[in-house]
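Some notes on the structure that comes next.
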Amino acid sequence: MSLRVMVVDDHPMWRDAVERDLAAAGHEVVGVAANGREALARFPAARPQVVVLDLQIPEPDGVQVTAEMVAKDPSVRVLILSASGEQADVLAAVKAGATGYLVKSASRDELLDAVRRTAEGDPVFTPGLAGLVLGEFQRISEEPEPARPETGLTERETEVLKMVAKGLSYRQIAERLVLSHRTVQNHVQNTLRKLQMHNRVELTRFAIELGLDED
Amino acid sequence: MSSPAAVAVEDRLFRALAVLRAVVLVNAVAVTIWRRDDFDRPGLTAAAVVAMVLWTGFATWAYDERRRRTLPLLVADLALAAGLLLLTPAVQGDDVTASLPGFWVMGALFAWAIHYRWVGGLAAGALLAAADLLRQDIDWSDYDNAFLLVLGGTVVGFMCGSLERMATEREVAERAAAVADERTRLARAVHDGVLQVLALVQRRGGDLGQLAGEQERRLRALIRAQDTLAPVAEGAVDLVAELTSLERRTGVTVSTPATPVELPAATAQELVAVAGACLDNIRAHVGEDAPAWVLLQAFPDRVELTVRDEGPGIAAGRLEEAAAQGRLGVAESIRGRITDLGGTAELTTGSFGTEWEFVVPR
């Protein structure tokens, strides 16, 4: 399956390497950009299915770029590639709408696999990201203002997410919980969807508090 | 040389003193008019009052600019105050104890205290007290006034000095924080570049790639550990930062919440030590580079720590065998340490691997 991919990274060497790997795997690189401004300017014409995005790019940063791209085209999938994997940034990007996260040291095959899975709407989680998301849901549940029930995790979703955080693969989780691979994927997908939904609710609430909704 | 912050403090103090000078001038003039009948020589008294008014105006202007705050100005200020005190007996009858300038001398006293700190306050206070005592037959209330002048000058001088020192210290601290922030920002850019190159080399494969991968992992763990350095309460430790340091070991992945998890230092260190012992065990029984996962979850009342590997598991009977031989196996030692923390330890092992789950109250 050939995919339309956009690569955003400020390191030319790295950008070229990713581009080469994607092309060799039969994907079409429809656009490249070295910073957030370029990325957002080229995004509408390039119409990528998947954006491979470095978090640490010149302004606007990866988190802002993710939010704007998803707002412009909700069907786009954003895969975050980060060198240092800074916790707060990764979590912010996922809350902004990214559905995949990979450390740059991932192998070529891991990258290609991640791009393919991201395109299919399958969230690409590292155990580290799952830990962050688990912590975030815990934080949300401790908020004085109770979260809307539909943004809370079910017991099963928490269980699955915890297993991802402990390094189990979807296949292993499916075996342990006697579920289908597809069901496990759905659970993980739901956790991300709920996190992003809660983020939108929080942003809206914040906007209302600031009186930004009036104009 | 005073720091800019100290000079700014002095500027503000002199501006406040200008207000004080105006207040005590109004008071001195009003009091003089009110008890005008006490004065034997109205002409000289009027001249003294005019001198006070003019000097107050001049002093307000002169002290406003820091380059004009020189020794001659301060000496003149103090000399006029002391002179007016000494002039008092010449203008009024012997039966009147109040002095001519009254509280107006505070202007000169505090100027010395502000500019020369406690030494200046002490010197000016002593001089004014001496002038005040010299002008009259001493009784106890005069002694009290004199004592107050010396003490007031010294205390105010000391406090001005402290204010300036605190302002200087705060300025230094703020600058240090700004420098540290900038250094972190620069380091981040450099690290990011280095990480990218290491990751690239790693992708090319081969021996060099393997080496690069190892260094990349170490540097990333180091940066993570640095990033999680957050200020915590006294005696507390951020368990997230402590656990993250375990990621420097090959094959180890540490998953934590994004926010700090504060625990008493002893508890946190013991938990990290236990996790370290589990990882040592994995290295010994599964393999040097065996993958292992550490997960920390924090709840309001407890923390949950999981250490997992995908080794062959602990063979059935091995733990019992160790116990039967009277040896305290690794597992029992780990369990004991967690129990000492008031927590529980659960061990799951099988062909799928080994998993420890510790629950410790906060």
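Protein chains in written order, with the numbering used here: chain A, -17 to 197; chain B, 692 to 1053.
C-beta: ideal position from N, C-alpha, C; glycine also.
Every value quoted in this text rests on a predicted model; they were computed, and no experiment measured them.
Chain-order list of residues whose beta-carbon lies under 6 Å from that of residue i (same chain, five-residue window excluded)
i       : result
A:E92   : none
B:M692  : Confidence at B:M692 is low in this model, with a pLDDT of 48, below 50, so its placement is unreliable and no value can be given for it.
A:G13   : M(-12), R24 and A28
B:V952  : L930, V931 and A989
B:V1050 : R993, E995, G1034 and T1035
Neighbourhood of residue i by C-beta distance below 7 Å, restricted to the same chain and skipping five residues each side
i       : result
B:R1053 : L954, D992, R993 and V994
B:L716  : M743, V744, T747 and W795
B:A802  : L708, Y754, L765 and D768
A:A21   : V(-10), A15 and V47
B:S750  : Per the sequence shown, the amino acid found at residue 750 of chain B is Ala instead of Ser. Closer than 7 Å at the Cβ level, and outside the excluded window around B:A750, lie R712, D768 and G798.
CB-CB length for residue i against residue j, believed under 8 Å
i       : j      : result
B:G848  : B:G811 : 6 Å
B:L818  : B:A773 : 6 Å
A:Q38   : A:G18  : So it is not a contact: roughly 11 Å between Cβ atoms.
B:L970  : B:L937 : 6 Å
B:M962  : B:V945 : Here residue 962 of chain B turns out to be Leu, not Met, going by the sequence shown. Contact flag wrong, Cβ pair sits at about 12 Å.
A:D(-8) : A:P40  : 6 Å
B:V700  : B:A858 : 5 Å
A:D95   : A:L63  : Contact flag wrong, Cβ pair sits at about 13 Å.
A:L135  : A:Q69  : In fact, because the Cβ distance is near 20 Å, the residues do not count as touching under 8 Å.
A:K144  : B:R999 : Wrong, their Cβ atoms sit about 11 Å apart, outside the cutoff.
Neighbour flag for residue i against chain B, beta carbons, 7 Å
i       : result
A:G82   : no
A:F188  : no
A:A(-1) : yes
A:G149  : yes
A:K54   : no
A:E178  : The sequence given here places Gln at residue 178 of chain A; Glu does not occur at that position. It does not; no Cβ of chain B falls within 7 Å.
A:A6    : no
A:W(-4) : yes
A:K77   : no
A:L143  : no
A:L61   : no
A:G114  : The question names Gly, but residue 114 of chain A in the sequence shown is Leu. Judged by the 7 Å Cβ criterion, A:L114 is in contact with chain B.
A:L73   : yes
A:S64   : no
A:H169  : no
A:G18   : no
A:S123  : no
A:P126  : no
A:Q46   : no
Residue i, buried or exposed, once every other Cβ within 10 Å from all chains shown has been counted against 16
i        : result
B:Q893   : buried
A:E118   : buried
B:L771   : buried
B:E855   : buried
A:V(-13) : buried
A:S162   : exposed
B:L1055  : This structure does not reach residue 1055 of chain B, given that chain B is present from 692 up to 1053, and the question cannot be answered.
B:W752   : exposed
B:L711   : exposed
A:A(-1)  : buried
A:P(-6)  : exposed
A:L150   : buried
A:K176   : buried
B:L704   : buried
B:E1001  : buried
Closer than 6 Å: residue i CB and nearest the ligand MG heavy atom
i      : result
B:A966 : Absent from the structure shown: the ligand MG. Ligands present: none.
Interface flag, residue i vs chain A, CB-CB below 7 Å
i       : result
B:L891  : yes
B:L886  : yes
B:W984  : yes
B:T997  : yes
B:D883  : yes
B:E1011 : no
B:E907  : yes
B:L894  : Correcting the residue type first, residue 894 of chain B is Arg in the shown sequence and not Leu. By this cut-off, B:R894 is an interface position.
Close-in-space but distant-in-sequence residues of the same chain around residue i (CB under 8 Å, 5 per side omitted)
i        : result
A:S(-16) : G8, H9 and E10
B:G942   : D980, A981, P982 and A983
B:V720   : V740, M743 and V744
A:R59    : Q31, V32, V33, T81, G82, T100, A101 and G103
B:V782   : F730, D731, R732, L735, T736, A739 and L791
B:G900   : V892, Q893 and R894
Taking one C-beta from the segment 96 to 111 of chain A and one from the segment 72 to 86 of chain A each time, how about it: are there three or more such pairs within less than 8 Å?
Segments in contact, yes.
Closer than 8 Å, Cβ to any Cβ of chain E: which residues of the segment 938 to 949 of chain B, in chain order?
Among the protein chains of the structure shown, namely A and B, there is no chain E.
Taking one C-beta from the segment 1020 to 1029 of chain B and one from the segment 979 to 988 of chain B each time, how about it: are there three or more such pairs within less than 8 Å?
Two segments are said to touch when three or more pairs of C-beta atoms, one from each, lie closer than 8 Å; by this definition the segment 1020 to 1029 of chain B does not touch the segment 979 to 988 of chain B.
Do three or more CB pairs link the segment 827 to 847 of chain B to the segment 857 to 875 of chain B at distances below 8 Å?
Between the segment 827 to 847 of chain B and the segment 857 to 875 of chain B, the count of C-beta pairs closer than 8 Å stays below three; the two stretches do not touch.
With a cut-off of 8 Å, do at least 3 Cβ pairs link the segment 175 to 187 of chain A to the segment 823 to 833 of chain B?
The segment 175 to 187 of chain A makes no contact with the segment 823 to 833 of chain B: fewer than 3 CB pairs, one atom from each, lie closer than 8 Å.
Below 8 Å, can you find three or more Cβ-Cβ pairs linking the segment 1002 to 1009 of chain B to the segment 954 to 967 of chain B?
Three or more Cβ pairs closer than 8 Å define a contact, and the segment 1002 to 1009 of chain B falls short of that threshold against the segment 954 to 967 of chain B.
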